[in-house]
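Numbering (this note's numbering), first residue to last: 14 to 71. Have a look at the structure below before the remarks.
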Amino acid sequence: MKIEYKDADGRLLKLEVSDEVGQFYLSSVEEIKKSDRRNTRTDRHTSLETFVYGQWLV
Numbered sequence: 014m015k016i017e018y019k020d021a022d023g024r025l026l027k028l029e030v031s032d033e034v035g036q037f038y039l040s041s042v043e044e045i046k047k048s049d050r051r052n053t054r055t056d057r058h059t060s061l062e063t064f065v066y067g068q069w070l071v
């Protein structure tokens, strides 16, 4: 199986790997994409400006 891998310098490499390694790599890349997509959803984040501080202080 051939996979495309981007190294730290930004170069795109095409590597020949075993099917097992290729499937693991592709599934891990997909999990990272899903995680990034989840973390960018605005309904999952609350702006700090919405909090009111000092209400509990006397």
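Note that beta-carbon positions come from the ideal geometry of N, C-alpha and C, so glycine has one too.
C-beta atoms of residue i and residue j nearer than 8 Å
i, j, result
"K15", "E33", "no"
CA-to-CA distance, residue j to residue i, given in whole angstroms
i, j, result
"R24", "E62", "41 Å"
"E17", "F64", "45 Å"
"F37", "D49", "18 Å"
"K19", "V42", "12 Å"
"K46", "Y66", "35 Å"
Test: residue i CB closer than 8 Å to a CB of chain D
i, result
"L61", "Structure shown: chain D not included; a single protein chain is present."
Limits of the unbroken beta strand (DSSP E) element including residue i
i, result
"Y66", "Run containing Y66: none; DSSP gives neither H nor E here."
Residue i CB to nearest heavy atom of the ligand SAM below 7 Å
i, result
"R50", "The model depicted lacks the ligand SAM and carries no ligand whatsoever."
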